[in-house]
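Below: the structure, in C-alpha cells.
In the working numbering, the protein residues as written are 4 to 71.
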C-alpha cells in the first residue's frame, strides 16, 4: 500500500516536503529493486511534511467578541 498524509486545507498549509527517493521512478522499475535493501533498511519509505497552522476564523471571532 501507499502511505498518505491527509490534512485540511482551511486549517494548515504545507510548508516543506521531503523529496521523493527516486524522482524519475526508473530505479524502482528495475527487477532487482527490492525493499528493504542496503540503502533503505525498511520496507516503508519515509513521508515527511512540515505544516504551518492557519488562523482559525472562529478563534478570531471569539477574540473580537471578547474585546467589545
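We put the CB at the ideal spot given by N, CA and C, even for glycine.
When you compare the CB positions of residue 50 and residue 14, do they come within less than 8 angstroms of one another, or not?
Cβ atoms of residue 50 and residue 14: not closer than 8 angstroms.
Separation of residue 47 from residue 110, as counted between CA atoms
The structure shown does not extend to residue 110, since the chain is modelled only from 4 through 71, so no value can be given for it.
Expressed to the nearest angstrom, what Euclidean distance is found between the alpha-carbon atoms of residue 21 and residue 6?
Cα atoms of residue 21 and residue 6: separation of roughly 14 angstroms, rounded to the nearest angstrom.
CA-CA distance, residue 17 and residue 60?
Spanning the two alpha carbons is a distance of roughly 19 angstroms.
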